[in-house]
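Written out below as structure tokens is the structure these notes cover.
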Amino acid sequence: MLKDFSLPLAFYNRDTWLKVAFFAVSVVMAGFSLYFTDGLVTKLEEREKQQIELYAETIRYALTSDNNADINFFFERIKKINENNTIPVIWKDGSGHLNSINIPIQESLPTEQKQEILQQKLLEIVAENNKPIEMDMGFQKEYIYYGNSKLLKLLRYYPLSQLLVVLIIGFLGYIFLSYSRRAEQNRVWVGLAKETAHQLGTPLSSLTAWVELLRNEPHINPDIVVELSKDIQRLETITTRFSNIGSTPVLKLEDIEAVIQSFISYLKIRISSKVTIEIHSSLAANQTANLNKYLFEWVIENICKNGVDAMGGHGQLRIELKEGKNNVIHIDISDTGKGILPSNTSKIFSPGFSTKKRGWGLGLTLAKRIIENYHQGKLILKATEINKGSTFRITLPKPA
Numbered sequence: 012m013l014k015d016f017s018l019p020l021a022f023y024n025r026d027t028w029l030k031v032a033f034f035a036v037s038v039v040m041a042g043f044s045l046y047f048t049d050g051l052v053t054k055l056e057e058r059e060k061q062q063i064e065l066y067a068e069t070i071r072y073a074l075t076s077d078n079n080a081d082i083n084f085f086f087e088r089i090k091k092i093n094e095n096n097t098i099p100v101i102w103k104d105g106s107g108h109l110n111s112i113n114i115p116i117q118e119s120l121p122t123e124q125k126q127e128i129l130q131q132k133l134l135e136i137v138a139e140n141n142k143p144i145e146m147d148m149g150f151q152k153e154y155i156y157y158g159n160s161k162l163l164k165l166l167r168y169y170p171l172s173q174l175l176v177v178l179i180i181g182f183l184g185y186i187f188l189s190y191s192r193r194a195e196q197n198r199v200w201v202g203l204a205k206e207t208a209h210q211l212g213t214p215l216s217s218l219t220a221w222v223e224l225l226r227n228e229p230h231i232n233p234d235i236v237v238e239l240s241k242d243i244q245r246l247e248t249i250t251t252r253f254s255n256i257g258s259t260p261v262l263k264l265e266d267i268e269a270v271i272q273s274f275i276s277y278l279k280i281r282i283s284s285k286v287t288i289e290i291h292s293s294l295a296a297n298q299t300a301n302l303n304k305y306l307f308e309w310v311i312e313n314i315c316k317n318g319v320d321a322m323g324g325h326g327q328l329r330i331e332l333k334e335g336k337n338n339v340i341h342i343d344i345s346d347t348g349k350g351i352l353p354s355n356t357s358k359i360f361s362p363g364f365s366t367k368k369r370g371w372g373l374g375l376t377l378a379k380r381i382i383e384n385y386h387q388g389k390l391i392l393k394a395t396e397i398n399k400g401s402t403f404r405i406t407l408p409k410p411a
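Just add 11 to the spot in the sequence shown (first one is 1) and you have the working numbering.
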């Protein structure tokens, strides 16, 4: 049963909905632009086709008419069409000779070379898939081939440029929302950690003083004082952890295996005796890593305690240390618990997510933040299988 942790989940859901809304608006804008531009392109194509058909009909009539007045009139119309058009046109007469309109060719070139250039242009025009217009001259058939005008070509590419702009804006918006979310996360974490450390500080000082008074009382069992001192030391460790989260933690070169061994020795006496913990290392002796010991131990504790809970208080924890590619150290922590449902694997590092009745859902979130933000490493769920267990992997860079 998942615990309801409405405030953090509402915070993250709101951010997710903002991203979805932003993406949806971008898609709608792009879709509308594509639809509108496609309509313009279709209309312009039809208009250019009508112009060329009129041009072809004008030529046909002018060349087949015996009326000089009509011929002069139509040649004037042809001249105006040519002047007001950027549509490349090639007129192929019955003998195969090519004439061009709106295709720049040097007049000084020999006729054969002009024909070769026009033949190449004709192939380019045919590739644009505009159906040639047939002119029936009575004694022979001639053809008008036409390409797309500059304006039509620009309009064809215009939606792509618009789509690119929308994608860039959408990407920048997504980045902005992500960084805004991360900045807000950082403020929440830092504020929470500092306030927690501050609130714990005062009663800890008082408890330390009371323990010293009890230590001097002859009728108090010394074992009780020793255990109280251990608990106070534990609280001081917790306070130090929160204090480190609320500020820039100091990293030191630590023997990574020794740190884990020391912490596991502490942990063993505080968990069920039915849980066995094994540590296997193939690292070089005294292999070091840049660690903040207090925070790193917190990560190990979170993962191990989650494993103990998943096993119901009996089973096996296995910690394996080994070298990885690209100069890194892998720490695999495996349990023999109930595993994680496939539907939950993408949520386990999200704040507020917990399968425990009394869980806050912050343990793995903090652990991931500590490893990735402070230690420049990685924390992932490497493997999980229902009723078989789970394996978490911590990856840390080797010191330079």
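All C-beta atoms, glycine included, are put in the ideal place defined by N, C-alpha and C.
query: Short Cβ contact (8 Å threshold) for Thr69 with Leu166; result: no
query: Distance between Ile340 and His325 (C-alpha atoms, nearest Å); result: 29 Å
query: Pair within 8 Å by beta-carbon distance, Ile98 and Ile63; result: yes
query: Assigned secondary structure, Glu265 (DSSP; H/G/I helix, E/B strand, else coil); result: strand
query: Buried or exposed by the 16-neighbour rule on C-beta atoms within 10 Å, applied to Thr376; result: buried
query: Nearest-angstrom Cβ-Cβ length linking Asn56 and Leu171, presumed shorter than 8 Å; result: Asn is not the amino acid found at residue 56; the sequence shown has Glu there. Incorrect: roughly 17 Å between the Cβ atoms, too far for contact.
query: Endpoints, beta strand (DSSP E) assigned at Arg252; result: Premise fails: Arg252 lies in the alpha helix (DSSP H), Pro233 to Ile256, not in any beta strand (DSSP E).
query: Range of the contiguous alpha helix (DSSP H) that encloses Tyr305; result: Lys304 to Ala321
query: Selected residue, minimal CA-CA separation from Lys389, among Phe364, Asp346, Gly348 and Gly335; result: Gly335
query: Proximity of Ile256 and Val310 at Cβ, strictly below 8 Å; result: no
query: Within 8 Å, strictly: CB atoms of Ile243 and Leu211; result: no
query: Proximity below 8 Å, CB of Ile180 to CB of Leu133; result: no
query: Which residues DSSP lists as bridging Met146, in chain order; result: Glu153
query: Gly374 - containing alpha helix (DSSP H), residue span; result: Gly374 to Arg380
query: Which listed residue (Asn384, Gly363, Lys399 and Phe274) has its alpha carbon closest to that of Thr406; result: Asn384
query: Beta-carbon spacing of Val222, Ser240 below 8 Å; result: yes
query: Beta-carbon spacing of Thr356, Thr299 below 8 Å; result: no
query: Where Gly158 falls, given that 16 or more other Cβ within 10 Å makes a residue buried; result: buried
query: Between the CA atoms of Lys409 and Lys368 - distance to the nearest angstrom; result: 39 Å
query: Bridge partners - Arg329, DSSP secondary structure assignment; result: Glu289 and Ser345
query: Beta-carbon proximity of Asp320 to Thr402, cut-off 8 Å; result: no
query: Distance cut-off 7 Å: Phe33 Cβ against heavy atoms of the ligand COA; result: The model on display carries no ligand, and the ligand COA is accordingly not part of it.
query: Distance CB(Tyr156)-CB(Ile136) smaller than 8 Å; result: yes
query: Coil, strand or helix - Phe403 by DSSP; result: strand
query: Nearest-angstrom Cβ-Cβ length linking Gly372 and Phe364, presumed shorter than 8 Å; result: 5 Å
query: DSSP beta-bridge partners of Gly335; result: Val339
query: Check whether Val270 and Leu328 have beta carbons under 8 Å apart; result: no
query: C-beta atoms of Asn317 and Lys349 nearer than 8 Å; result: no
query: Under 8 Å between C-beta atoms of Lys103 and Glu59; result: no
query: Leu264 versus Gln387 - alpha carbon distance; result: 14 Å
query: Distance, Lys205 Cα to Lys400 Cα; result: Correcting the residue identity first, residue 400 is Gly in this sequence and not Lys. Gly400 and Lys205: Cα-Cα distance of roughly 35 Å.
query: Of the listed residues Ile231, Ile186, Gln272 and Cys315, nearest to Ile282 (C-alpha basis); result: Cys315
query: DSSP three-state assignment for Pro408, whether helix, strand or coil; result: strand
query: Candidates Phe187, Leu109 and Ile330, of which the one nearest Glu268 by Cα; result: Ile330
query: Three-state secondary structure assigned by DSSP to Glu228; result: coil
query: Start and end residues, beta strand (DSSP E) containing Tyr390; result: For the sequence presented, residue 390 should be read as Leu rather than Tyr. Lys389 to Glu396 is the extent of the beta strand (DSSP E) around Leu390.
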